[in-house]
Every structure is written in C-alpha cells, then in structure tokens.
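One structure is given here, and the rest of the page talks about it.
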Amino acid sequence: MMDIIKTGTSDIPLTKNGQKMISILGPKVAGPGRLIDPTLLSGVMISPRIRARKTFELLFASSEIKPELHIDERVREWTYGDYEGLLVHEVAEIRRKKGLPSGENGWDIWVDGCEGGESVQQMSDRADEAVKAVKEIHRAWFEDPSRNDNDKGGDVLIVSHGHFSRIFLARWLGLSLDRGQLFVLDPGGVCVGQYYHDLKHTAVGAMNLGVL
Numbered sequence: 001m002m003d004i005i006k007t008g009t010s011d012i013p014l015t016k017n018g019q020k021m022i023s024i025l026g027p028k029v030a031g032p033g034r035l036i037d038p039t040l041l042s043g044v045m046i047s048p049r050i051r052a053r054k055t056f057e058l059l060f061a062s063s064e065i066k067p068e069l070h071i072d073e074r075v076r077e078w079t080y081g082d083y084e085g086l087l088v089h090e091v092a093e094i095r096r097k098k099g100l101p102s103g104e105n106g107w108d109i110w111v112d113g114c115e116g117g118e119s120v121q122q123m124s125d126r127a128d129e130a131v132k133a134v135k136e137i138h139r140a141w142f143e144d145p146s147r148n149d150n151d152k153g154g155d156v157l158i159v160s161h162g163h164f165s166r167i168f169l170a171r172w173l174g175l176s177l178d179r180g181q182l183f184v185l186d187p188g189g190v191c192v193g194q195y196y197h198d199l200k201h202t203a204v205g206a207m208n209l210g211v212l
C-alpha cells in the first residue's frame, strides 16, 4: 500500500497536472461521435467534490454539445472520517495505539474501513445504490416502447474518485468490495461497464481508456 494522503470529503481543487490531463483527454473521448457522446447520455452522476465537477467541465470543454451536470452523493469518495488528510502510516499508528485490529501494513481500508467515517459495509451499500441507479436507467431506456431497434443511447456517465470507482466496478460485477483493490484505475482513465447477453449479466468492457 502506498503511503498517500487520504482526501475524501476535503474539497481540494483539481491539480494543475490534473487539469492539463483532462484538457488533453476531453477532445479525444468526449463529444458527439466519441466514446462519451453527450447525445447518448441518459444519466449523469457527478461527485459533489469540486475536483470532480472541474473534471466534468473540462471533459466537455471542446464539445459543441455539453450534458447537464447532475451532482450525486452516491458517487462521492469514501468518507475517511477520522483518517481524512492522514498518511497511511499515520492511520496505522493511531490504530496501533488504540489496539484496533488491523489488516496489512497496520491498516487496510478494504478490511478495516474508517473510524468516524464509512465502514466497509456502508461503502459497499452506497456503491450498490449507485449500481442500482445505473441499472434502472439502462432498463428504462431498453424497455422504452417508443425506442427503435436501431436507436442508440442509454449511456450513464459517472465522474468519481479512486476508491469509489474501484468499489463500483467490483459491485457492478457482483464481487465483494475488497475485490476492488484488484483494479488499477489510472487518474483520468475512462472505464466502460457493459452487459453480455442481457441486463442480468454485467461486464467490464474497457479500463483506463485515453490515459496518456
């Protein structure tokens, strides 16, 4: 586990490097006829954090058609609670002094969760709510009696954060939350969730598209 600072509820801005990355990524993947086609979006779920909202803005900056921004608390980052803004080794030391059970490296968020924040179960439940919402949008589009077989659409765009995105992918596939750590999601990478055969069978079609 990398010893990095945990920022979930802290409303820090998107870094200059992040802004540059998304500004380059946007014209490649977002816009009519591209991977993220605003004309095909039936749903938009954006984390309330300012860095996520800026990502959404820059993503469509060069697109003539821009989707409406919809903030959704269900896709916010893990609430780190008492561990907000701390390095991993600092959290591990706090837990050691309290005699709390700890996973690998003194603290494993995928097992231990966060004191004063969201537990593993709470995080899994919230991701499930987001998955359910996406599936409901898909089902409504596919079952729309006015839809023609050749119609395209029904896409849902989510702009979120590292931990949540990995957990969402795990729960999308019906895997336990801790399996999310098996997915390596690069900053600015685009992932595609899809189905095979029918809406009951979920799959991941692509990961980290557009990463420079």
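Numbering (the UniProt record's numbering) for the sequence shown: 1 to 212. Each residue gets a CB set at the ideal place from its N, CA and C atoms; glycine is no exception. Model, not experiment: these values are computed from the prediction.
Can you tell me the Cβ-Cβ gap for residue i and residue j, rounded? I've got them flagged as a contact below 8 Å.
i   : j   : result
G31 : D82 : About 42 Å separates the two Cβ atoms, so there is no contact after all.
Taking the straight line between their C-alpha atoms, what separation do you get for residue i and residue j?
i           : j    : result
Q194        : V204 : 6 Å
Q181        : A170 : 9 Å
L35         : V159 : 15 Å
G26         : E68  : 16 Å
D149        : T9   : 43 Å
L14         : H197 : 39 Å
H89         : D108 : 11 Å
M1          : D125 : Reliability fails at M1, whose pLDDT of 49 lies under 50, so the model's placement of it is uncertain and no value is given.
R76         : E136 : 19 Å
E73         : S47  : 6 Å
N17         : R166 : 22 Å
V192        : D128 : 17 Å
F56         : K98  : 41 Å
A206        : L157 : 14 Å
T79         : E118 : 5 Å
R179        : T202 : 16 Å
G106        : R96  : 7 Å
V29         : A133 : 24 Å
L100        : S146 : 57 Å
D112        : L87  : 15 Å
S63         : K152 : 19 Å
W110        : W172 : 17 Å
residue 277 : G33  : An answer regarding residue 277 cannot be provided, because it is not within the stretch 1 to 212 covered by the chain.
L185        : F168 : 12 Å
Can the beta-carbon of residue i be found closer than 9 Å to that of residue j?
i    : j    : result
A52  : H161 : yes
P38  : I71  : no
A130 : M45  : yes
F164 : M123 : yes
G174 : V190 : no
I94  : I50  : no
G43  : D144 : no
V120 : L177 : yes
S102 : L58  : no
Measure from the alpha carbon of residue i to the alpha carbon of each residue in the options, then state which is nearest.
i    : options                  : result
M21  : W107, K54 and S63        : K54
Q19  : I46, A140, G43 and A61   : A61
N208 : S119, K28, P187 and K135 : P187
L41  : T79, H138 and H201       : H138
C114 : G153, R179, W172 and G85 : G85
Runs of 3 residues minimum, wholly inside the segment 133–167: which ones carry the beta strand (DSSP E) assignment?
Counting whole runs of 3 or more residues, the segment 133–167 contains the beta strand (DSSP E) stretches 155–159.
Secondary structure, beta strand (DSSP E): runs of 3+ residues fully inside the segment 24–110
Entirely contained in the segment 24–110, the beta strand (DSSP E) runs reaching 3 residues are, in chain order, 41–46.
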